[in-house]
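Report on the structure given below.
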Amino acid sequence: MIRNTTPVNCMDKFITYKIKVKNILAGKAQGEDVQRFTDPGTKFKLPNIELPIFDGNPRDWLNFWTQFEKTPDDVNIDDRDKFQYLIQSTASRSSPREIVVSFPATAANYKKAIEYLKERYGNTSVLIKVYIRHLLELAMVKNKSDLSSLYDKLQTRIRALDSLSLTRDKYADILFPFVESALPVDVKLWERPRHLPTDKNQGKTDLDLLMEFIKNEVDSEFRVKILLVKYFILMK
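Count the sequence shown with UniProt numbering and you get residues 1 to 236, in order.
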């Protein structure tokens with residue numbers, strides 16, 4: 001039987017196939033550092049959420065897990081689908097990927113894989129040691145001229161410790177000498193006003209006062225830079 005094909009029909013089919021191929025290629029296009037989540041095979045579409053790929057670095061665990069656990073928990077998305085998301089959210093050939101794929105990809109094993117990852121990388125005592133070690137590394141850096149960058153790094157690590165439900169009064173005395181030694185020599189003049197009694201300082205640890213001092217120094221440097229920029233613009 002001879003099919004009745006016209007140039008119009010052929011063109012329609014060509015356009016249809018072209019669109020399908022384009023959609024497939026677009027779905028496969030992913031960045032190296034992030035994974036875009038969409039619901040595969042169901043009518044319900046997950047909102048596009050970009051999550052960092054976890055490669056097993058302990059200091060990246062908190063950021064990764066905080067974002068991953070926010071993946072929408074809809075009734076149309078079963079744990080088997082989430083298992084696939086978990087696989088795709090681990091770096092290829094990394095320890096986390098090996099751990100996840102060691103479990104058969106079933107709905108029942110999704111929570112088991114999650115618990116294993118949390119046990120391995122989310123151990124609170126281990127993470128505390130990791131962040132304290134990073135503070136030590138900052139203290140040993142020879143080039144300490146960029147106070148703004150130093151402050152941001154210090155804050156990142158201290159906030160990470162706070163997020164681990166570790167009250168600041170428990171580690172402030174331990175961290176204080178490390179944080180102080182990370183400061184440039186000229187900034188250590190903060191010691192002089194630190195001992196002046198003020199109402200604002202009551203109830204604050206030395207670590208709190210030190211971080212406030214660094215922040216004030218960073219803010220002052222920023223204001224000076226802005227003024228210099230305005231000055232040179234006016235001089236032109």
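For each residue, glycine too, the CB sits at the ideal point set by N, CA and C.
Item: Among W65, S181 and Q88, the one whose alpha carbon lies nearest that of G105; Value: Note on identity: in this sequence residue 105 is Ala, with Gly being the wrong assignment. Out of W65, S181 and Q88, Q88 has the C-alpha closest to the C-alpha of A105.
Item: Inter-residue Cα distance where the pair is K170 and K153; Value: 21 Å
Item: According to DSSP, residues forming a beta bridge with T66; Value: Beta-bridge pairing links T66 to no other residue.
Item: Same chain only: Cβ atoms within 7 Å of V130, ignoring 5 sequence neighbours per side; Value: P58 and R59
Item: Distance between F54 and A107 (C-alpha atoms, nearest Å); Value: 21 Å
Item: Sheet register partners of D90 (DSSP bridge); Value: The question names Asp, yet the displayed sequence has Thr at residue 90. Note: T90 sits in a beta bridge opposite F54.
Item: Environment of L136 [buried if 16+ CB atoms lie within 10 Å]; Value: exposed
Item: For I77, three-class secondary structure by DSSP; Value: coil
Item: T156 - containing alpha helix (DSSP H), residue span; Value: L147 to S163
Item: R97 - containing alpha helix (DSSP H), residue span; Value: S95 to V101
Item: Burial state of K174, where buried means 16 or more other Cβ atoms lie within 10 Å; Value: Looking at the sequence provided, one finds Ile at residue 174 rather than Lys. Looking at its Cβ environment, which holds fewer than 16 other Cβ atoms inside 10 Å, I174 is exposed.
Item: Under 9 Å between C-beta atoms of Y121 and G56; Value: yes
Item: Exposed unless 16 or more other CB atoms sit within 10 angstroms - verdict on I114; Value: buried
Item: Exposure of I214, with buried meaning 16 or more beta-carbon neighbours within 10 Å; Value: buried
Item: Top-ranked residue by Cα proximity to K112, from L210, I99 and T124; Value: I99
Item: Separation of T156 from D162, as counted between CA atoms; Value: 10 Å
Item: Pairwise C-alpha distance: W61 and V179; Value: 23 Å
Item: Alpha carbon of P96 to alpha carbon of L117, nearest angstrom; Value: 7 Å
Item: Presumed contact (8 Å Cβ cut-off) between Y110 and L86, rounded CB distance; Value: 7 Å
Item: Three-state secondary structure assigned by DSSP to K215; Value: helix
Item: Buried or exposed by the 16-neighbour rule on C-beta atoms within 10 Å, applied to K225; Value: exposed
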